[in-house]
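A.B. asks: Sharing a structure, written as structure tokens. Questions coming.
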Amino acid sequence: MSSPHTFHIPVMGLGFTVDSPIKVAQFGISSVVSIMDDHLLEDMRRYYSRTYQIPYLPIDEGSEDYRAKRVTAYLNLLQEVVDQQVEVLKQADFESSREINQYFQLLPEQHPATELYQQMMNSEGKQRQVLQEKLREYIQPGQIDVNIMTKVDKINYNKAGEALPREYSDALSALRGFANSKAKGSVVFSAGLNPALFAYAEQFEDFFPDQNGHIKKGIILKVSDYRSALIQGRFLAKKGLWVSEFRIESGLNCGGHAFATDGLLIGPILEEFKTNRDSLTQTLWISCQQVLQEKGMPEMPVGLKPKITYQGGIGNARENQFLMEYYELDGTGWGSPFLLVPEATSVDEDTLQRLINARKSDFYLSHASPLGVPFNNLRTSSGEDQRKSRIAKNRPGSPCYKKFLTFSTEFSTKPICTASREYQNLKIKKFEAGETSKQELDEVQEKDCLCEGLSAPAILNAGGTPKRNLNAVTICPGPNLAYFKGIFSLKEMVDHIYGKINLNLDPERPHVFIKELQLYVQHLKVEIEKTIPEKTAKYESYIEKFKKNLQDGIQYYQELSEQISLDTEEILDKMKVQLEGIKEEIQGLVPQLT
1 MSSPHTFHIP
11 VMGLGFTVDS
21 PIKVAQFGIS
31 SVVSIMDDHL
41 LEDMRRYYSR
51 TYQIPYLPID
61 EGSEDYRAKR
71 VTAYLNLLQE
81 VVDQQVEVLK
91 QADFESSREI
101 NQYFQLLPEQ
111 HPATELYQQM
121 MNSEGKQRQV
131 LQEKLREYIQ
141 PGQIDVNIMT
151 KVDKINYNKA
161 GEALPREYSD
171 ALSALRGFAN
181 SKAKGSVVFS
191 AGLNPALFAY
201 AEQFEDFFPD
211 QNGHIKKGII
221 LKVSDYRSAL
231 IQGRFLAKKG
241 LWVSEFRIES
251 GLNCGGHAFA
261 TDGLLIGPIL
271 EEFKTNRDSL
281 TQTLWISCQQ
291 VLQEKGMPEM
301 PVGLKPKITY
311 QGGIGNAREN
321 QFLMEYYELD
331 GTGWGSPFLL
341 VPEATSVDED
351 TLQRLINARK
361 SDFYLSHASP
371 LGVPFNNLRT
381 SSGEDQRKSR
391 IAKNRPGSPC
401 YKKFLTFSTE
411 FSTKPICTAS
421 REYQNLKIKK
431 FEAGETSKQE
441 LDEVQEKDCL
451 CEGLSAPAIL
461 NAGGTPKRNL
471 NAVTICPGPN
481 LAYFKGIFSL
491 KEMVDHIYGK
501 INLNLDPERP
511 HVFIKELQLY
521 VQHLKVEIEK
531 TIPEKTAKYE
541 SYIEKFKKNL
551 QDGIQYYQEL
561 SEQISLDTEE
571 ILDKMKVQLE
581 GIKEEIQGLV
591 PQLT
């Protein structure tokens, strides 16, 4: 099943897209649900069971395999609600129903149903009825995709303190929950290769072709470059598992965690995918086919190709169209702008107003994540207010209830979270004893409880109160959101993506390519200015490689802008000046390396 739309809504935090399928799937729009927080999923299942009068039986924490069962139950509810919505939509009256008309009004202009819809609107009588029946046949829901962040995979323990088998870890339990569900969609693996998780997918038949060559549940890899796509794709192919889509994401011009490349820019990365697409497809298809034959399983359909999509920092229809056409993409992802669309995401009113009132400088890359990965943050969020307030009261850190990010064994054999009050108090004692630097302590105290902060908005938006009254919201918008101001309807945002209208963005917003380049130059400066006891040959080599990749990327953009029309003449002229300026800036960084 594929969406009638050429864009999708990526996962955002734990809660911002947790119920997006209920909001947008009936209009054919695919979105991604994080399934890492089973506590949140259970709370949302309780809420929507009441809303849609669906019987609710709680799955108590501590019951056998409760984490996977909670994931399955919530996804089953989402699919049931979406199926009901689509059935109602198909039966709706075109003359009085807003929803069925909106379904077709949202479609891209090149979709065959768009022209048919216009014909219907301009016809009367029996012909109008005939066309309406034809249109109903086009209605299909967007996919309910799920996200598993591969690094969030702690081992769990029973009540006696004994480690449970590997399949009960957080990520493997989440995958089992999805595989056992009725959800029609794909699992998105993000944050890199997790051998145990990828291998575990082999246990579920829905990830393999059936007798008709149909793969019931797809596997999507979120990757930052071609090399990582090839490595992860090959690993899965050797298990007979097909990658249905490579979802390329900018290393820095994105929301949430930022996995920076070594200065490799998105233009050259997409060019490499474009050049090697056939080779990648053939390599993975042959490997999958061989494994399936050896297992005596149904074979791969001939001509099957993985989709290639891009997400990160796209701001308008011109950029979207250029990326789609020049790099021959199958789709794009639009994330952060949808945080300003209440019809699509769950953002509580207080956080929504904080986003609208935020300045560009309020969007920044922080040390907030306990994973130790740079994390996009908002300086004015209620989560940041709470973190600073706790420090001011000499009670830094957070109470740790959900424990999804308990990975540090610095002070104990059993891992604890670096954002927890327990860890931060121990770190302060170490600082007072002169055993750690002020810089390291400051970075530790910047850690935030993402488990609570990223899930709270969904509960608040539903009119509820998070457990233990932990109402502070952490939000992780991409830098691109700084240029969007206001609250938008679903139709306004979709029309903006397809170029039917132009939202009034900040006129200072740079082209998506330029913005990412600026972010990487800023990142390079931080890397150069890091306090390192001794700048080793390895460090020097890394900086030089990073700088060269940026310079190669600039040259690529300069040559590309001479060959084709990237954008309007005005934008193109501005880009050329900016590229030259950034090129000189990078060259000026050289003396600091010695």
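So in the working numbering, spot 435 of the sequence shown is number 435, and the numbers just go up one at a time. A virtual CB, placed ideally from N, CA and C, is assigned to each residue, including glycine.
Just the C-alpha distance for S336 and G296, rounded to the nearest angstrom, thanks.
C.D. replies: By 1-based counting over the sequence shown, the position of residue 336 is 336. By 1-based counting over the sequence shown, the position of residue 296 is 296. Spanning the two alpha carbons is a distance of roughly 44 Å.
A.B. asks: Under the assumption that I528 contacts Q551 (Cβ atoms under 8 Å), give the Cβ distance between them as a whole number of angstroms.
C.D. replies: What you label residue 528 is simply residue 528 of the sequence shown in a count that begins at 1. What you label residue 551 is simply residue 551 of the sequence shown in a count that begins at 1. Rounded, the Cβ-Cβ distance is 15 Å, inconsistent with contact.
A.B. asks: Can you name the start and end residues of the beta strand (DSSP E) that D225 belongs to?
C.D. replies: Within the sequence shown, residue 225 is the residue found at index 225, counting from 1. Here D225 belongs to no beta strand (DSSP E), and DSSP marks it neither H nor E.
A.B. asks: Would you mind sorting V188 into buried or exposed? The rule is 16 or more other CB atoms within 10 Å of its CB.
C.D. replies: Along the sequence shown, read from residue 1 onward, the residue named residue 188 stands at position 188. The residue in question, V188, is buried, as its Cβ has 16 or more Cβ neighbours within 10 Å.
A.B. asks: Does the separation of the CB atoms of K307 and T281 fall below 8 Å?
C.D. replies: By one-based count along the sequence shown, residue 307 stands at place 307. By one-based count along the sequence shown, residue 281 stands at place 281. Their beta carbons are not under 8 Å apart, which means K307 does not touch T281 by this criterion.
A.B. asks: Enumerate in chain order the residues of its own chain whose CB-to-CB distance from H5 is below 6 Å, with the five nearest sequence positions on each side excluded.
C.D. replies: The residue labelled residue 5 in the question sits at position 5 within the sequence shown. Here the set comprises G28 and I29.
A.B. asks: With 16 as the cutoff for other CB atoms within 10 Å, does R70 come out buried or exposed?
C.D. replies: Against the sequence shown, residue 70 aligns to sequence position 70. It is buried - the Cβ of R70 has at least 16 other Cβ atoms within 10 Å.
A.B. asks: Going by beta carbon distance, what residues of the same chain come within less than 6 Å of N461, once the five residues before and after it are set aside?
C.D. replies: Locating residue 461 in the sequence shown gives position 461, counting from the first residue. Hits under 6 Å: S346 and D348.
A.B. asks: Between S381 and R359, is the Cβ-Cβ spacing less than 8 Å?
C.D. replies: One-based indexing of the sequence shown puts residue 381 at position 381. One-based indexing of the sequence shown puts residue 359 at position 359. Cβ distance not < 8 Å, so S381 and R359 don't count as in contact.
A.B. asks: State yes or no: is the beta carbon of L41 nearer than 8 Å to at least one beta carbon in chain C?
C.D. replies: In the structure shown, chain C cannot be found, because there is only a single protein chain.
A.B. asks: Out of K182, S2 and Q105, which has the shortest C-alpha to C-alpha gap to L75?
C.D. replies: Counting from one through the sequence shown, the residue named residue 75 turns up at place 75. Comparing Cα-Cα distances from L75 to each of K182, S2 and Q105, the minimum goes to K182.
A.B. asks: Could you tell me which residues DSSP pairs with F363 in its beta bridges?
C.D. replies: Position 363 of the sequence shown, counted from the first residue, corresponds to residue 363. F363 is bridged to L378.
A.B. asks: Give me, in chain order, the residues of the same chain whose beta-carbon lies closer than 7 Å to that of S420; leave out the 5 immediate sequence neighbours on both sides.
C.D. replies: Numbered from its first residue, the sequence shown carries residue 420 at position 420. These residues qualify, in order along the chain: G397, S398 and C400.
A.B. asks: Rounded to the nearest angstrom, how far is the Cβ of Q232 from that of L221, given a contact under 8 Å?
C.D. replies: Here residue 232 refers to the residue found at position 232 when the sequence shown is read from its first residue. Here residue 221 refers to the residue found at position 221 when the sequence shown is read from its first residue. Yes, Q232 and L221 are in contact; Cβ-Cβ is about 5 Å, under 8 Å.
A.B. asks: Run through the segment 503-582 for me and flag every whole beta strand (DSSP E) of 3 or more residues, listed as ranges in chain order.
C.D. replies: For the segment 503-582, not a single whole beta strand (DSSP E) run of length 3 or above is found.
A.B. asks: For Q289, collect the residues of the same chain with a Cβ closer than 7 Å to its Cβ; drop the 5 residues on either side in sequence, then sort them by chain order.
C.D. replies: Within the sequence shown, the letter at position 289 stands for residue 289. Cβ neighbours of Q289 beyond the five flanking positions: E299 and M300.
A.B. asks: Between the segment 438-452 and the segment 361-371, do three or more beta carbon pairs fall short of 8 Å?
C.D. replies: Touching, yes.
A.B. asks: Once DSSP output is grouped into helix, strand and coil, what is the label at L593?
C.D. replies: Taking the sequence shown and counting its residues from 1, one reaches residue 593 at position 593. Because the pLDDT at L593 is just 42, under 50, the model does not fix this residue reliably, and the point stays unresolved.
A.B. asks: Apart from the five residues on each side of it in sequence, which residues of its chain come closer than 6 Å, Cβ to Cβ, to K217?
C.D. replies: Along the sequence shown, read from residue 1 onward, the residue named residue 217 stands at position 217. Contacts found: D206 and F207.
A.B. asks: Does the segment 562-573 come into contact with the segment 311-325, if we say contact requires no fewer than three beta-carbon pairs (one atom in each stretch) closer than 8 Å?
C.D. replies: Yes, they touch.
A.B. asks: For I9, count the other beta carbons within 10 Å of its own beta carbon; 16 or more makes it buried, fewer makes it exposed. Which is it?
C.D. replies: Against the sequence shown, residue 9 aligns to sequence position 9. Its Cβ being crowded by 16 or more others within 10 Å, I9 is buried.
A.B. asks: Just checking, does the segment 53-72 make contact with the segment 101-119 on the three C-beta pairs under 8 Å criterion?
C.D. replies: No, the segment 53-72 does not touch the segment 101-119.
A.B. asks: Sort L405, E422 and V521 by Cα distance to S412 and report the nearest one.
C.D. replies: If you number the sequence shown from 1, residue 412 lands on position 412. Out of L405, E422 and V521, E422 has the C-alpha closest to the C-alpha of S412.
A.B. asks: Quick one: any contact between the segment 38-46 and the segment 471-478, if contact means 3 or more CB pairs under 8 Å?
C.D. replies: Cβ pair count under 8 Å is below three, so no.
A.B. asks: Taking its Cβ as the centre, do 16 or more other Cβ atoms sit within 10 Å of A85, making it buried, or is it exposed?
C.D. replies: Locating residue 85 in the sequence shown gives position 85, counting from the first residue. Note on residue identity: the sequence assigns Gln, not Ala, to residue 85. Counting Cβ neighbours within 10 Å, Q85 comes out buried, since at least 16 surround it.
A.B. asks: Could you have a look at T409 and say whether DSSP puts it in helix, strand or coil?
C.D. replies: The residue you call residue 409 lines up with position 409 of the sequence shown. Of the three classes helix, strand and coil, the one that applies to T409 here is coil, per DSSP.
A.B. asks: Grouping DSSP H, G and I as helix and E and B as strand, with all else coil, what is P415?
C.D. replies: Numbered from its first residue, the sequence shown carries residue 415 at position 415. Of the three classes helix, strand and coil, the one that applies to P415 here is coil, per DSSP.
A.B. asks: Can you give the Cα-Cα distance for H523 and K134, rounded to whole angstroms?
C.D. replies: Mapped onto the sequence shown, residue 523 falls at position 523. Mapped onto the sequence shown, residue 134 falls at position 134. Using only the alpha carbons, I get a separation of about 53 Å.
A.B. asks: Here's a check: name, in chain order, each residue in its chain whose Cβ is nearer than 7 Å to the Cβ of A344, leaving out the five neighbours to either side.
C.D. replies: The residue given as residue 344 occupies position 344 in the sequence shown. So the qualifying residues of the chain are I9, S20, K23, V24, F338 and L490.
A.B. asks: Threshold first: 4 residues or longer. Then list the alpha helix (DSSP H) segments lying entirely within the segment 2-66, N to C.
C.D. replies: Here the runs fully enclosed are 20-24 and 38-51.
A.B. asks: What span of residues does the alpha helix (DSSP H) with A324 cover, start to end?
C.D. replies: By 1-based counting over the sequence shown, the position of residue 324 is 324. According to the sequence as given, residue 324 is Met; it is not Ala. That run of the alpha helix (DSSP H) goes A317 to Y326.
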